[in-house]
Amino acid sequence: MTLPEITSREQWAIARQELLVKEKAHTRERDALNAERRRLPMVAVDKGYVFDGPDGQVSLLDMFDGSDQLIVQHVMYGADWDDVCPGCTAALDEMSPGLLRHLRSRATAFATVSRAPFAKLATSRERKGWDFAWYSSFGSDFNDDFGATVDDSEVPGVSCFLRDGDTVFHTYSTSARGTDQLGSAYSFLDLTAYGRSEDWEQPAGRVAKPHGADPTFTD
Numbered sequence: 002m003t004l005p006e007i008t009s010r011e012q013w014a015i016a017r018q019e020l021l022v023k024e025k026a027h028t029r030e031r032d033a034l035n036a037e038r039r040r041l042p043m044v045a046v047d048k049g050y051v052f053d054g055p056d057g058q059v060s061l062l063d064m065f066d067g068s069d070q071l072i073v074q075h076v077m078y079g080a081d082w083d084d085v086c087p088g089c090t091a092a093l094d095e096m097s098p099g100l101l102r103h104l105r106s107r108a109t110a111f112a113t114v115s116r117a118p119f120a121k122l123a124t125s126r127e128r129k130g131w132d133f134a135w136y137s138s139f140g141s142d143f144n145d146d147f148g149a150t151v152d153d154s155e156v157p158g159v160s161c162f163l164r165d166g167d168t169v170f171h172t173y174s175t176s177a178r179g180t181d182q183l184g185s186a187y188s189f190l191d192l193t194a195y196g197r198s199e200d201w202e203q204p205a206g207r208v209a210k211p212h213g214a215d216p217t218f219t220d
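Following this line, the structure appears as structure tokens:
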């Protein structure tokens, strides 16, 4: 194993300060990129997607569960697979109740969707002890339409949606390596149109309302 170079405390402090300058520049670039992401236009979802869940069939609007935004994680689990993708499993094992609660505090719901039939999802969910919403898109175009399928093979991804009344809009999607940095509530919220709903964010005035309220844009 190759270890870092050994140096004096003084030399370490100099090297750390040099790295800090780059870290701060990276943070500013990240904030600017997140703001640009929030300025993306949105498009109405006009297909009537139907998903199978624990309580029967639901629509995309139902998945909002009264929230203003919805984050959908596309979980790799093909219809003919024996089990969910190990990489997706590792990420979902870290989905804590606290993270989901923090998303809800920003009027944002979270759900996972896979192409496998719901019976397979239910079995895997119980075995793995997961408590987040997991729906089957088996037989629909949902995965293909939102870039979670490439040439009939699976890729991981995340899609973000916003609702205005009963109209659902698609605001953002990312796949494959674009999901590598997810893990905290803030990293998920940074993908959404409302962002973290902090006063310092741009566009100014775009914040999530309390859970269940209609979205309002003031910018």
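Basically this note's numbering = 1-based index in the sequence shown + 1. For glycine and all other residues, C-beta sits at the position ideal for the given N, C-alpha and C.
Whose C-beta lies closer than 8 Å to the C-beta of residue i among residues of the same chain, with five residues either side of it excluded?
i, result
"V76", "V85, C86, C89, L93, T113, V114, S115, W135, P157"
"G237", "Examination of residue 237 is not possible in this model, given that the chain is present from 2 through 220 alone."
"L20", "none"
"A214", "Low confidence applies to A214: its pLDDT is 41, below 50, so where it sits in the model is not reliable enough to give any reading."
Identify, in the order they occur along the chain, each residue of the same chain with its Cβ nearer than 6 Å to the Cβ of residue i, setting aside the five sequence neighbours on each side.
i, result
"D66", "A110"
"S174", "F147, G148, S160"
"T172", "M43, C161, L163, A194"
"S97", "none"
"T3", "none"
"V51", "Q58"
"D32", "none"
"V1", "Outside the displayed range of the chain (2 to 220) lies residue 1, so it cannot be described from this structure."
"L104", "F111, A186"
"L100", "A186"
Per DSSP, what kind of secondary structure is residue i in: helix, strand or coil?
i, result
"Q18", "helix"
"S97", "coil"
"T8", "coil"
"T3", "coil"
"R107", "coil"
"D53", "strand"
"C89", "helix"
"L163", "strand"
"W135", "strand"
"F143", "helix"
"L61", "helix"
"A205", "coil"
"A36", "helix"
"A186", "helix"
"A26", "helix"
Cβ atoms of residue j and residue i: under 9 Å apart, would you say?
i, j, result
"A194", "Q70", "yes"
"F162", "V59", "no"
"F189", "I72", "yes"
"A117", "W82", "yes"
"D142", "L62", "no"
"A108", "A209", "yes"
"D200", "R38", "no"
"D56", "F139", "no"
"E155", "N35", "no"
"S9", "Y78", "no"
"P204", "R102", "no"
"L122", "S106", "no"
Taking the alpha helix (DSSP H) that residue i belongs to, which residues open and close that run?
i, result
"T124", "119-129"
"L192", "Looking at the DSSP string, L192 is not in any alpha helix (DSSP H), and its letter there is neither H nor E."
Would you kindly report the start and end of the unbroken beta strand (DSSP E) that includes residue i?
i, result
"V73", "70-75"
"V156", "Element bounds for V156: n/a, residue is neither H nor E."
"S174", "168-176"
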